[in-house]
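S.K.: Heads up: the sequence shown is residues 636 to 1213, going by the numbering used here.
This is the structure, below, for whatever I ask next.
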Amino acid sequence: MKRKLNLLWVAAIVLGMVTIFFKHSLELAATRAYASEECTMVSGARLLATGQMANFEIPASFYQLPLFWLAREATQSVDLFASARIMAFLLFWLNLLLLAMATGVPLRSWKWLSAFLGVATLSLLWEFGFEIRPANLLLTGLLLTWTVLRSGRAGIGGCVFAGAVAVVMQFTVATAWIYILPLTLGGLFLSPPKGRTARWKTALAWVAGALGMLLVFRVSLAGLGLWSACWTGLGEGVPSDAAPLGTILARLLAGSPLLVAVSLAALLSVCLDWLRRGKTVLAWTEVLPEVGMVLIACAVVLLPPSDQPGSLVILAAFAFLLAFRYGSRVVRQLWSVPVFRPVLVTLLIFTHLIPFLLVVKRCGNRLNFRQTNLMELTEELTDPKADWVLDPIGLVPTRANLEYRSQLPRAREADISSTGMRVGDQLSTRPASVIIPNHQMDWPTEADHEFIREHYVALGDDFWVLGHTLPKGGGVFEVVHPGRYRISYRKQSNLLGTYPESLAEMMRKPDPKQEETPFVGTLDGAAVSDRPVQLTVGTHRVQSVGEDEIAVVWVGPRLEKLPQVGRGDHRRLFVNWY
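Structure below.
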């Protein structure tokens, strides 16, 4: 009775902690900055859903299918990204539950509660687990397959299920076979047979499940018009946010020192047992499956092509299974000695909980507020049917993007002008109303940058619109895209450098919101004010008697005046491994 009561108290405490984790992870999912791969996933789904890439064979992932329906009717990029993050958030918690169940311990036990609490505090899962990444769905499939095959009791039905899941995983991530193949072969041919079921029957059941799911995919995806895109995705390499080896090791040691230490101890123990007991230690009923999956995951992380954030999530999951299997036995032995108990608690706090809390805090430091502000401003400044955006990453999927190749998984392996046409030539052929530069925009030639400087003005370092700045008195300027423009004195245009950008600058200015001086001048000989005017393609002349430079700035179909967006930094609009 007392044992059950203690278990209820522990369950209540764990439930309270998990509730706190759930709430905080939901906040992080809503506010954390979007990574470039997330934008590629969402904008790629939008392109497929709206048929913008009908003449191109772009690769698609099974992960994008739910996004396909979300993206088809989406009118606001912020809402589309939020919906995709909610989907990823639910998948994150499903993976936590599946990982705890994959340990194989009974649900109503202290051991399962400790396993679930350990899973819920894995730093690497919190860093990348609720991002919009296909690798997170791959982890779901691997854990389901693991649960079926690891026990060694998979019957015909379990093998059919594993085969079907294998096809789903392969259509999710092109390199999924690296994990699937050894896990499947081990589960089918190394695990103890169930009853009198012959191994050839279980293997045939797996093949039947795989072929059946492939047939379902072929029929359903063909009906949706996505078969070609998904089939092309099978041959595509993994998009890489690769980081140097030192960065990876530092991230592992800083965020998960206990997991790394226990996993290495488990691997060392297996090696010593192998020397002492021989091949018996490598039986499927021992730790061979965990060791094998950890070694495979390590190889995938370290060897190209590697989507390192996604691969690290899979590595963390199987390292936990290995560490839990090995560590629970060691902890049980040490806990029986009272003098070791405070030592174990101290180690748990300082090598697991505190690093986890520091990682969670760091995740909350990089927010998506600027990204969402730029999404909304871009949509205010553009007409979805008449205007284009140069958006190399795909931050605003609801607008036609001038750079198509930016939506492909290998876009980061080549410069933005890899389509064979320079950026300046693309912009002169089909002028974008808005440019959202990022680190990729450092790659075009100086001539491309010169074209941008001649035809665009900066609201921030990471946000440019069509426009010109003219000297005092006025001058001639060229309009390359028709639409609404605002003509005003430069100091009143809200362009970059025309307003205080920091609190210290605002404090030094006695009246940062001083009354504007009405613009007095002429446009092509006719009187004009600072109200937006419709300009046609061609050259125009502005004249004014004011004492300030003149700004001619695109304001889009609805705005009367551009807002202040702040300086920003195009190199940090998207930051991997922050």
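Backbone N, C-alpha and C define an ideal beta-carbon position, used for all residues, glycine too.
Nothing here was measured: the structure is a model prediction, and the numbers come from that model.
Check whether the stretch 1151-1160 and the stretch 1085-1093 touch, using three or more Cβ-Cβ pairs below 8 Å as the test.
M.R.: no
S.K.: Is there contact between the stretch 1112-1129 and the stretch 1186-1206, where contact requires at least three CB pairs shorter than 8 Å?
M.R.: yes
S.K.: Over what stretch of residues does the beta strand (DSSP E) that includes residue 803 continue unbroken?
M.R.: Working through the sequence shown from its first residue, we reach residue 803 at position 168. Segment 791-805 is the alpha helix (DSSP H) holding residue 803; no beta strand (DSSP E) there.
S.K.: So who's on the other strand from residue 1093, going by DSSP bridges?
M.R.: Here the question's residue 1093 lines up with position 458 in the sequence shown. 1099.
S.K.: For residue 770, does the three-state DSSP call read helix, strand or coil?
M.R.: For the purposes of this step, residue 770 is taken as residue 135 along the sequence shown, with counting starting at 1. Three-state result, residue 770: helix.
S.K.: Taking the alpha helix (DSSP H) that residue 1162 falls in, what are its first and last residues?
M.R.: Position 527 of the sequence shown, counted from the start, is the residue given in the question as residue 1162. It is not in any alpha helix (DSSP H) - residue 1162 instead sits in the beta strand (DSSP E) that spans 1161-1163.
S.K.: Less than 8 Å between the CB atoms is what I'm expecting for residue 951 and residue 757, so what's the real figure, rounded?
M.R.: For the purposes of this step, residue 951 is taken as the residue at position 316 of the sequence shown. For the purposes of this step, residue 757 is taken as the residue at position 122 of the sequence shown. About 5 Å; that satisfies the 8 Å criterion.
S.K.: Can you tell me which of the three DSSP states residue 1157 falls into?
M.R.: Along the sequence shown, one-based indexing puts residue 1157 at 522. Strand, per DSSP.
S.K.: Specify, as a first and last residue, the run of the alpha helix (DSSP H) that residue 737 falls within.
M.R.: The residue given as residue 737 occupies position 102 in the sequence shown. First-last of the alpha helix (DSSP H) with residue 737: 712-737.
S.K.: Between which residues of its own chain and residue 707 is the CB-CB distance below 6 Å, once the five residues before and five after are set aside?
M.R.: Taking the sequence shown and counting its residues from 1, one reaches residue 707 at position 72. Result list for residue 707: 684, in chain order.
S.K.: Taking the beta strand (DSSP E) that residue 1186 belongs to, which residues open and close that run?
M.R.: Against the sequence shown, residue 1186 aligns to sequence position 551. That run of the beta strand (DSSP E) goes 1185-1189.
S.K.: Tell me the residue span of the beta strand (DSSP E) that contains residue 1170.
M.R.: Start at 1 with the first residue of the sequence shown, and residue 1170 comes out as number 535. Where residue 1170 is concerned, the enclosing beta strand (DSSP E) stretches over 1168-1170.
S.K.: How big is the Cα-Cα spacing for residue 920 and residue 822?
M.R.: By 1-based counting over the sequence shown, the position of residue 920 is 285. By 1-based counting over the sequence shown, the position of residue 822 is 187. Whole-angstrom Cα-Cα distance: 11 Å.
S.K.: Indicate the three-state DSSP secondary structure (helix, strand or coil) for residue 1008 in the structure shown.
M.R.: Taking the sequence shown and counting its residues from 1, one reaches residue 1008 at position 373. Looking at residue 1008 - three-state DSSP - the assignment turns out to be helix.
S.K.: Could you tell me the distance, in whole angstroms, from the CA atom of residue 1267 to the CA atom of residue 709?
M.R.: Residue 1267 cannot be examined here, being either before or after the span of the chain that is shown, 636 to 1213.
S.K.: Please classify residue 929: does DSSP put it in a helix, a strand, or coil?
M.R.: Within the sequence shown, residue 929 is the residue found at index 294, counting from 1. Here residue 929 sits in helix by DSSP.
S.K.: Check the C-beta distance from residue 1202 over to residue 1131 and give it rounded, since I have them as a contact under 8 Å.
M.R.: The residue labelled residue 1202 in the question sits at position 567 within the sequence shown. The residue labelled residue 1131 in the question sits at position 496 within the sequence shown. Right, the Cβ-Cβ distance comes to about 6 Å (below 8 Å), so this counts as a contact.
S.K.: With burial defined as no fewer than 16 other Cβ atoms inside 10 Å of the residue's Cβ, what is the status of residue 1097: buried or exposed?
M.R.: For this step, residue 1097 is matched to residue 462 along the sequence shown. Burial call: buried.
S.K.: For residue 885, does the count of other Cβ atoms within 10 angstroms reach 16, so buried, or fall short, so exposed?
M.R.: Along the sequence shown, read from residue 1 onward, the residue named residue 885 stands at position 250. It counts as exposed.
S.K.: Just the Cα atoms here: how many angstroms apart are residue 646 and residue 1204?
M.R.: Residue numbering aside, residue 646 sits at position 11 when the sequence shown is read from its first letter. Residue numbering aside, residue 1204 sits at position 569 when the sequence shown is read from its first letter. If you take the alpha carbons of residue 646 and residue 1204, they lie about 47 Å apart.
S.K.: Give me, in chain order, the residues of the same chain whose beta-carbon lies closer than 6 Å to that of residue 856; leave out the 5 immediate sequence neighbours on both sides.
M.R.: On the sequence shown, residue 856 is found 221 positions in, with the first residue counted as 1. If you ignore the 5 residues before and after residue 856, its C-beta comes within less than 6 Å of the C-beta of 862 and 865, all in its own chain and listed in chain order.
S.K.: So for residue 935, helix, strand or coil by DSSP?
M.R.: Here the question's residue 935 lines up with position 300 in the sequence shown. In this structure, residue 935 counts as helix in the three-state DSSP scheme.
S.K.: Less than 6 Å between C-beta atoms, sequence neighbours within five positions excluded: which residues of the same chain meet that for residue 791?
M.R.: Locating residue 791 in the sequence shown gives position 156, where the first residue counts as 1. Only 840 meet the Cβ criterion.
S.K.: For residue 1002, list the residues DSSP reports as bridge partners.
M.R.: Position 367 of the sequence shown holds residue 1002. Answer is 667, bridged to residue 1002.
S.K.: Run through DSSP, which three-state label would residue 1193 get?
M.R.: Indexing the sequence shown from 1 puts residue 1193 at position 558. Coil.
S.K.: Go through its chain and collect everything with a Cβ distance to residue 811's Cβ below 7 Å, but skip five positions before and after it.
M.R.: Numbered from 1 along the sequence shown, position 176 holds the residue referred to as residue 811. Only 773, 804 and 805 meet the Cβ criterion.
S.K.: Using a Cβ-Cβ cutoff of less than 8 Å, which residues in the same chain neighbour residue 843 once the five nearest sequence positions on both sides are dropped?
M.R.: Along the sequence shown, read from residue 1 onward, the residue named residue 843 stands at position 208. Closer than 8 Å at Cβ, skipping near neighbours: 795 and 798.
S.K.: So the beta strand (DSSP E) residue 1122 belongs to, where does it begin and stop?
M.R.: The sequence position of residue 1122 within the sequence shown is 487, counting from 1. Here the beta strand (DSSP E) through residue 1122 covers 1118-1124.
S.K.: Residues in the same chain with beta-carbon distance under 8 Å from residue 966, minus the five sequence neighbours each way, listed in chain order, please.
M.R.: Counting from 1 along the sequence shown, the entry for residue 966 is found at position 331. Same-chain partners within the cutoff: 979.
S.K.: In the DSSP assignment, the beta strand (DSSP E) including residue 1112 goes from what residue to what residue?
M.R.: Position 477 of the sequence shown, counted from the first residue, corresponds to residue 1112. Element bounds for residue 1112: 1109-1114.
S.K.: Could you have a look at residue 968 and say whether DSSP puts it in helix, strand or coil?
M.R.: Here the question's residue 968 lines up with position 333 in the sequence shown. If DSSP states are grouped into helix, strand and coil, residue 968 belongs with the helices.
S.K.: Could you say which of 697, 649, 1117 and 654 lies nearest to residue 853 if we only look at CA atoms?
M.R.: Translated into the one-based positions of the sequence shown, residue 853 becomes position 218. For the residues 697, 649, 1117 and 654, the minimum Cα distance to residue 853 belongs to 697.
S.K.: Does residue 1141 pass the burial test, meaning 16 or more other C-beta atoms within 10 Å, or should it be called exposed?
M.R.: Start at 1 with the first residue of the sequence shown, and residue 1141 comes out as number 506. Confidence is the limiting factor: at residue 1141 the pLDDT is only 45, short of 50, which leaves the residue's position unreliable and the question unanswerable from this model.
S.K.: Under the three-state reduction of DSSP, which class applies to residue 826: helix, strand or coil?
M.R.: By one-based count along the sequence shown, residue 826 stands at place 191. Note: residue 826 maps to coil in three-state DSSP.
S.K.: Please identify the residue among 914, 749, 846 and 896 whose C-alpha is closest to the C-alpha of residue 802.
M.R.: Position 167 of the sequence shown holds residue 802. Checked all of 914, 749, 846 and 896; the closest Cα to residue 802 is 846.
S.K.: Can you give the beta carbon distance from residue 1065 to residue 1099, rounded, assuming they're within the 8 Å contact cut?
M.R.: Residue 1065 sits at position 430 when you count from the first residue of the sequence shown. Residue 1099 sits at position 464 when you count from the first residue of the sequence shown. Not really, about 16 Å apart at Cβ, beyond 8 Å.
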